[in-house]
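J.: Take a look at the following structure, please.
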Amino acid sequence: HIVSVIGGKDSQAAKAYQSINPARVEQVVAEVGLADAETFAGACRIAAEARREWAKVPAPVRGRVIASIGRLVEENAETLARLVTEEIGKPFAEALGEVREIVDTCDFFLGEGRRLYGQTVPSEMPDKNLFTFRVPVGVAAIVTAGNFPVAVPSWYLVPALLCGNAVVWKPAEYAAASAHALYRLFAAAGLPDGVLNIVFADGAAAFAGLDLALGEGSVQKVGFTGSSEVGRKIGELCGRHLQSPCLELGGKNPMVVMPDADLDLAVEGALFAGFGTAGQRCTSLGTVIVHESIHDDFVTRYTAAVQNAEIGDPAGDVICGPLLDHKFAERFEEYLTWVEPHHHVVTGPTGQITAANPRGEFTGEGGLFYHPVVVDGVRPGDQLFLEETFGPIVGVTTFRTLEEAIELANKPGYGLSSSIYTTDPKSAFRFREAVSAGMLSVNNSTSGAEAHLPFGGNGKSGNGSRQSGMWVLDQFTRWQAMNWDYSGRLQKAQMDVAEI
Ligand code: UN1
4 HIVSVIGGKD SQAAKAYQSI NPARVEQVVA EVGLADAETF AGACRIAAEA RREWAKVPAP
64 VRGRVIASIG RLVEENAETL ARLVTEEIGK PFAEALGEVR EIVDTCDFFL GEGRRLYGQT
124 VPSEMPDKNL FTFRVPVGVA AIVTAGNFPV AVPSWYLVPA LLCGNAVVWK PAEYAAASAH
184 ALYRLFAAAG LPDGVLNIVF ADGAAAFAGL DLALGEGSVQ KVGFTGSSEV GRKIGELCGR
244 HLQSPCLELG GKNPMVVMPD ADLDLAVEGA LFAGFGTAGQ RCTSLGTVIV HESIHDDFVT
304 RYTAAVQNAE IGDPAGDVIC GPLLDHKFAE RFEEYLTWVE PHHHVVTGPT GQITAANPRG
364 EFTGEGGLFY HPVVVDGVRP GDQLFLEETF GPIVGVTTFR TLEEAIELAN KPGYGLSSSI
424 YTTDPKSAFR FREAVSAGML SVNNSTSGAE AHLPFGGNGK SGNGSRQSGM WVLDQFTRWQ
484 AMNWDYSGRL QKAQMDVAEI
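Basically the UniProt record's numbering = 1-based index in the sequence shown + 3.
Below, the structure written as structure tokens:
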């Protein structure tokens, strides 16, 4: 049984929720107490108190706390990864990779505690110095999805804390046990009470609580990772309170396969990006845009690879586990209705897998497992081409020229990740220049971004904010400019221009 922890204390719950194991839906992983809107706003008030002392702790000392978090996560990596696998059905190897991503993030930011550089800037007047300082924003409210229940939250939590902010974190309910375990590791690293608070709440309560907190002025930054639809609502809410959130939303990530590509490599990349994490990464592959001259060859090889992919118990060595939760399974059923008569499902049956697979090795009875689906013949106007389908389904379409491929890649209007397979640097660089995506890979899949590069998207994938690496510092600090005049007289900028 787990509940919100606010100011270091377990908090009262307003409502009960059960987090289940999607590979065995009968198994309850955690009974979760959900908070109401007032409790959420109360947590923000407590954070607003706690952040004052935390901001005074020297940044290098905060960096040492981040180092301890990294160490604790590393020491508990297998246990945490096992819990992630149990709670959201992520294959164990991927879950371990996700935990590794937290350690990478801590590695990066522990040193940032000794940098957090400001600047000295020349003045237009003599005997005057100009400086800039990074100032913590205050309280960050972080709302995260459960497909990366520990790594993606850490992308916010670690830099926010390092920069001297307090945090109220609302994880996804269906990943509550993983989130709570991560919270405990953060707390054990020596964060003062109230600096990091975890609040379990349903979307409506969190939204209302956030509205209250923004109105009261106890939250200065909102970070949200989740669907484009909810992101839009968060953006509107923040806009009303004159705040600009950090939004990391969905993706319809394209992979362009040029005629000169290494096809085996492209097939392997499309398999991992399309069906790893059961297609439930924001960076998962949406559509393969393959040159018409190699289309048949690609589809034959890709179909074979997908049909041979291991699906089943995520604790084992599989590529594709179950969907995250009942809600996601229901939505995926709806996405499957987007398959149109002119499409060609090349992989066989679609829908939930209820019995042993054709090879009789299926280890997932009683879970939210779905057949991986490859749909050929998708056209630019199709819903399947245009919208994110968080789940194991990949579309295939063809092109004639690189410019046409780029147009197809940009058409859905998302802009998170993208990829091109080619042996010609000219094609790769032209694609880089023209693709509207925050991230692109050359000869690698759309997923698997590293923790020290900017992560984020354009268009429906976000508001241009970037996470990870040094770029995220601009989310959790504000620039403060200072001028110091030691001339002993009032020098007026723009008016007292120095003569030469
Ligand atoms: C997400 O799905 O929200 O690049 C993030 C990747 C991972 C992160 C995915 N490192 O696929």
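Even glycine gets a Cβ: it sits at the ideal position worked out from N, Cα and C.
From a predicted model like this one, the values you see are computed outputs, not experimental measurements.
1. Which whole-angstrom value is the C-beta distance of P325 and P94, which I expect to be below 8 Å?
2. Applying the criterion that 16 or more other CB atoms from any shown protein chain within 10 Å of the CB defines a buried residue, is L83 buried or exposed?
3. Are the CB atoms of I91 and G149 within a distance shorter than 8 Å?
4. According to DSSP, simplified to helix, strand and coil, what is T280?
5. Helix, strand or coil for W487? Go by DSSP, reduced to three states.
6. Can you name the residues that DSSP bridges to A332?
7. With respect to 7 Å, is the separation between the Cβ of G284 and the closest non-hydrogen atom of the ligand UN1 below this value?
8. Considering only their Cβ atoms, is the gap separating S14 from A50 smaller than 8 Å?
9. Report the partner residues of M258 according to the DSSP bridge assignment.
10. With distances taken from CA atoms, which of H347, H374 and S157 is nearest Q355?
11. Quick check on DSSP: helix, strand or coil for T392?
12. Cα-Cα, which of G367, A484 and E251 is closest to F134?
13. Taking the alpha carbon of D196 as the reference point, which residue from S439, R481, N466 and G11 has its own alpha carbon closest?
14. Which word fits W482, buried or exposed, when buried means at least 16 other C-beta atoms lie within 10 angstroms of its C-beta?
15. Please report the distance separating the alpha-carbon of Q386 from that of A44.
16. Please determine if the segment 229 to 236 and the segment 444 to 453 are in contact, where contact requires at least 3 C-beta pairs separated by less than 8 Å.
17. Looking only at C-alpha atoms, which of A190, F112 and S450 sits nearest to S287?
18. If you pair each beta-carbon of the segment 237 to 248 with each one of the segment 389 to 397, do three or more pairs fall below 8 Å?
19. Which one of E81, V102, S296 and R118 has the shortest CA to CA distance from A454?
20. Does F388 pass the burial test, meaning 16 or more other C-beta atoms within 10 Å, or should it be called exposed?
21. Taking 8 Å as the cut-off, decide whether the C-beta atoms of T353 and L339 are in contact.
22. Starting from the Cα of I145, find the closest Cα among G167, K429, R137 and A175 and give me that residue.
23. Three Cβ pairs or more, each shorter than 8 Å: is that satisfied between the segment 311 to 324 and the segment 491 to 500?
24. I want to check one thing, is the minimum distance from the CB of T108 to the heavy atoms of the ligand GTP below 7 Å?
25. Quick test of your reading: I7 and V202, contact by CB under 8 Å. State the CB separation rounded to the nearest angstrom.
26. How would you call G114, buried or exposed, if buried means at least 16 neighbouring beta carbons within 10 angstroms?
T.: According to the structure data:
1. Not confirmed; about 10 Å, so no contact.
2. buried
3. yes
4. helix
5. strand
6. Paired residues: none, contrary to the question.
7. According to the sequence shown, residue 284 is Arg rather than Gly. Checking every heavy atom of the ligand UN1 against the Cβ of R284, one is found closer than 7 Å.
8. no
9. V291 and S422
10. H374
11. coil
12. A484
13. G11
14. exposed
15. 39 Å
16. no
17. S450
18. no
19. V102
20. buried
21. yes
22. A175
23. no
24. Although the ligand GTP was asked about, the structure shown includes only the ligand UN1 as ligands.
25. Looking at the sequence provided, one finds Ser at residue 7 rather than Ile. The Cβ separation is near 4 Å, so the contact holds.
26. exposed
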